[in-house]
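Residue numbers (our numbering): 7 to 150.
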């Protein structure tokens, strides 16, 4: 391979990586997708009872998260991923990851739903209760 061909290939790879890293391309943001309703991605077993914190978190989840992540965090096909999924188990996505996602948004990396925008009007306390709810749902579905 000639030197110019090698340089062209390296430059193309670098530009492609930069394009991917910028969040542009064929993975759209989900901010505009909140009015879409897709079928649930996973079946979620809901515990018969929730702790007081999880009950508060459920209300906050329904107000701030369910439009995208679906009822009981089951996800919505074509909209957003389920949070009751082993990808979001505590050892892979700790509680702080949920807070950062809500505050800053998230660049798509596990799923092809697009980038998650920051969540307007959610407080640190809201997220703490939402995480309590999601963790109880996860445990009820064998995700520890």
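Don't be surprised by glycine CBs; every beta carbon is placed ideally from N, CA and C.
Whole-angstrom distance between residue j and residue i, CA atom to CA atom
| i | j | result |
| --- | --- | --- |
| residue 99 | residue 88 | 13 Å |
| residue 119 | residue 55 | 31 Å |
| residue 103 | residue 58 | 22 Å |
| residue 78 | residue 52 | 7 Å |
Sequence-distant residues of its chain with Cβ nearer than 6 Å to residue i (five each side left out)
| i | result |
| --- | --- |
| residue 125 | 70, 108 |
| residue 136 | 63, 66, 67 |
| residue 93 | 116 |
Neighbourhood of residue i by C-beta, 7 Å cutoff - its chain only, sequence neighbours within 5 removed
| i | result |
| --- | --- |
| residue 81 | 46, 47, 48, 75, 87, 88 |
| residue 128 | 70, 108 |
| residue 133 | 104, 105, 108 |
Limits of the unbroken alpha helix (DSSP H) element including residue i
| i | result |
| --- | --- |
| residue 136 | 130 to 146 |
Residue of the options minimising C-alpha distance to residue i
| i | options | result |
| --- | --- | --- |
| residue 139 | 53, 60, 43, 51 | 60 |
| residue 113 | 142, 132, 122 | 122 |
Jot down the residue ranges of each uninterrupted beta strand (DSSP E) in the region 49 to 100, minimum 3 residues, whole runs only, in chain order.
none
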